[in-house]
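Residue numbering for the sequence shown follows my numbering, starting at 6 and increasing by one per position. One structure is given here, and the rest of the page talks about it.
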Amino acid sequence: MAIVDVLKVFNALKKQGAIDEFMLFGSVAAMAYTRPFFTRDIDIAVAVKGGDRAFLGLFKQLAKFGKIQGRAVVIQDTPVEVFPANISPIIQDALEAPDVKQVEGITVNVAKPEHLLLEALRVHRSQDKARVLLLDEVVHQDTLRKLFKRLDHDGTLARRYQALTQKAP
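Rendered as structure tokens:
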């Protein structure tokens, strides 16, 4: 997986004004805090002005850098799923205050582990459940509790967390 090539593309799109901001989330972002594990793609959340129309227009720009496949683009043989940041209030919140990391000399926004854990609980696929357990080892519990209070309005995420970890959030 050539993450550096992907980051260069998204930095170029930001510089051109095609996107306002972008952030790694999902498995690749989780690996910034945990041990490496298998993933098929890179998940990137983007913020664009102009709503859905502008987001769809972004794929015309991405087509210059790779092959479009649904909501993904393959850049240098690396599949990248691109999501609007507003797909989830958790992702939107994460994009407002991401961690900033260096990946092979390139600066990139990465969702914090607490947001990654909550998003994994929201999506709730089998691979997401395993990610919750990995991330639970590295999160700051006070930060996680505050995010549960702010973003888990109906208690679903807290119930899922407790079922997986046997701990109250």
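We put the CB at the ideal spot given by N, CA and C, even for glycine. Keep in mind it's a predicted model, so treat the numbers as computed, not measured.
Comparing alpha carbon positions, the residue from Leu156, Arg76, Lys65, Ala135 closest to Ser93 is Leu156.
Look at the beta carbons and you see the stretch 109-119 not touching the stretch 76-92: under three pairs across the two are nearer than 8 Å.
Only residues of its own chain outside the window of five on either side were considered, and among them Arg165 have a CB closer than 7 Å to the CB of His129, listed in chain order.
Take Asp141, set aside five residues on each side of it, and the residues of its chain with a beta-carbon closer than 6 Å to its own are Thr170, in chain order. About 7 Å separates the CB atoms of His145 and Glu119; that is less than 8 Å, so the two are in contact. The alpha-carbon separation between Lys151 and Ala37 amounts to approximately 22 Å.
Secondary structure within the stretch 110-169: the alpha helix (DSSP H) runs of 4 or more consecutive residues, fully enclosed, are 118-128, 131-141, 146-156 (chain order). The beta carbons of Ile111 and Val14 sit no closer together than 8 Å. Between the stretch 53-73 and the stretch 93-105, the count of Cβ pairs shorter than 8 Å is below three; the stretches do not touch.
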